[in-house]
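Single-structure report; data block below.
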Amino acid sequence: MVPSSPPSERHLVLVGMMGSGKTSVGRLVARRLGRAFLDSDEQIEARTGRTVREIFEVDGEATFRALEADVLADALARPEAAVIAAAGGVVLDADNRRRLRDQATVVWLRADPEVLAARVRSGDHRPLLTHDPLAVLERMETARGPLYREVADHVVDTGGAPVDELVESVLEVAR
Ligand code: S3P
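Shown next as structure tokens:
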């Protein structure tokens with residue numbers, strides 16, 4: 001059996017739906033832990049020189065999902081434990097889920113679709129929320145809730161709490 005590394009030496013990955021606060025919370029958690037911070041969408045945009053929206057619109061979702069998987073695998077392969085804000089759809093792929101379970105401490109930032117819809121903006125990296133965000137988020141919650149639960153070592157119910165509080169909650173559970 002391969003001994004698993006202690007939580008403090010594993011990557012800390014935040015998963016959850018769009019608008020759950022992965023990027024803003026992750027950035028601050030990384031600062032507190034003195035670790036590098038990696039955001040999947042930012043990495044995809046830096047790597048391709050294009051926005052997430054452009055990739056979805058020109059190449060289609062399957063191409064985006066392949067990039068999402070590559071970026072996650074590369075982030076998890078880094079030797080230094082980092083804090084990673086994974087793109088919301090990362091759990092749709094079984095290999096991604098296996099990697100997350102094997103290689104990281106995973107925190108699911110959970111929030112109700114109503115809370116997310118009130119907070120989230122469509123913007124250049126969220127083409128899926130252009131039309132009727134609440135309905136989309138409700139469908140996603142049904143489809144993805146079990147998948148986030150499957151990979152999560154810890155669940156933080158955000159309940160619309162401010163970022164500072166969520167940072168403390170994540171640091172508490174991931175200690
Ligand atoms: C997506 C989430 C977005 C982005 C893309 C698709 C999803 O990232 O990757 O728009 O399918 O949930 P965030 O979760 O960082 O908003």
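Residue 1 is where the sequence shown starts when you use my numbering, and the numbers rise one by one after that.
Each residue gets a CB set at the ideal place from its N, CA and C atoms; glycine is no exception.
Span of the beta strand (DSSP E), counted from its first residue to its last, around residue i
{"i": "Arg-110", "result": "104–110"}
Helix, strand or coil at residue i according to DSSP, with G and I counted as helix
{"i": "Val-156", "result": "strand"}
{"i": "Ala-81", "result": "coil"}
{"i": "Val-15", "result": "strand"}
{"i": "Asp-41", "result": "helix"}
{"i": "Asp-124", "result": "coil"}
{"i": "Pro-146", "result": "helix"}
{"i": "Ala-118", "result": "helix"}
{"i": "Gly-89", "result": "helix"}
{"i": "Met-1", "result": "With a pLDDT of only 46 at Met-1, under the threshold of 50, the placement of this residue in the model should not be trusted, and no figure is reported."}
{"i": "Val-173", "result": "helix"}
Beta-carbon proximity list for residue i, same chain, < 6 angstroms, skipping 5 on both sides
{"i": "Ala-87", "result": "Ser-40, Asp-41, Glu-68"}
{"i": "Val-115", "result": "Gly-160"}
{"i": "Arg-53", "result": "Asp-124, Pro-127"}
{"i": "Asp-153", "result": "Thr-105, Val-106"}
Contact set for residue i: own chain, Cβ-Cβ below 7 angstroms, skip 5 residues either direction
{"i": "Glu-150", "result": "Arg-97"}
Neighbourhood of residue i by C-beta, 8 angstroms cutoff - its chain only, sequence neighbours within 5 removed
{"i": "Thr-63", "result": "Ile-55"}
Residue i: first and last residue of the uninterrupted alpha helix (DSSP H) it sits in
{"i": "Val-29", "result": "22–33"}
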